[in-house]
Amino acid sequence: MIRTATASDADEIARLHVKTWQAAYRGHMPDAHLGGLDPSKRAAMWSKAIQQADTVVLVAGAGEALVGVCSLLASRDTDAAPHVGEIAAIYVDPSLWRSGIGRSLVDAATAAAFPRHFVELTLWVLTGNVAACAFYESCGFEVDGHTKLDERLGFAIHETRYRRRIVP
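With the working numbering as the guide, the letters of the sequence shown map in order to residues -12 to 155.
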């Protein structure tokens, strides 16, 4: 079941965020960084995102547990037109990868984009994250030729932008 996140979800989303990063980014980020991730710091970030009117945070549940999260907002890229939305984050419990939860979250984010008048969605993926790239391509996203170097975490992360038109 996919639903809009509430403030009470922030801690569980943060734990999922950390767990997913530790599985997905091993080999792409330093082990020391991944091992030092603190869910309590991520919880504050997610709590803020959930409360922001311009951000949609969606969660996927399985029973009582949250097993996926996705956030959608207007694109933060300087070259973006007002009609471009951005999937800023999408994380699924690693034990449930390839189960359809990620695709359901992308579909729900796409549905949430229409009332915001977005006609395209973008997202950034770590360059070389083959599994993530294949997933986004299977959801209809294509590399749009833009890359960036992000050094905010104290080390270099190379990212590639993907784009998908959602309105004909």
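All residues carry an ideal CB built from backbone N, CA and C; glycine is no exception. Since the structure is predicted, the reported quantities are computational estimates derived from the model, not experimental observations.
In the DSSP assignment, what residue or residues form a beta bridge with Ser58?
Partner(s): Val44, Ala76.
If you run the structure through DSSP and keep just helix, strand and coil, what is Thr7?
Looking at Thr7 - three-state DSSP - the assignment turns out to be helix.
Can you check which of these residues, Ala75, Pro69, Leu45, is closest to Val106 by C-alpha distance?
Comparing Cα-Cα distances from Val106 to each of Ala75, Pro69, Leu45, the minimum goes to Pro69.
Going straight from the alpha carbon of Cys126 to that of Val71, what length do you get?
17 Å
Are the segment 42 to 54 and the segment 15 to 25 touching, with three or more C-beta to C-beta distances below 8 Å?
They do not touch, by the three-pair rule.
Quick one, are the C-beta atoms of Ala(-3) and Ala47 less than 7 Å apart?
no
Within the continuous alpha helix (DSSP H) that includes Gly132, where are the two ends?
Segment 129 to 137 is the beta strand (DSSP E) holding Gly132; no alpha helix (DSSP H) there.
Compute the distance between the beta-carbons of Ala75 and Leu60, then report whether it is under 7 Å.
yes
Using only alpha-carbon positions, find the residue among Ala67, Val44, Glu138 that is nearest to Val56.
Val44
When the distance is taken between beta carbons, is Pro26 closer than 7 Å to Arg2?
Between Arg2 and Pro26, the C-beta spacing is below 7 Å.
So which of Glu(-1), Thr(-7), Ala10 has the shortest CA-CA distance to Leu83?
Ala10
Could you spell out where the alpha helix (DSSP H) holding Thr97 opens and where it closes?
88 to 100
Pick out whichever of Arg148, Ser86, Asp80 has its Cα sitting closest to the Cα of Leu113.
Arg148
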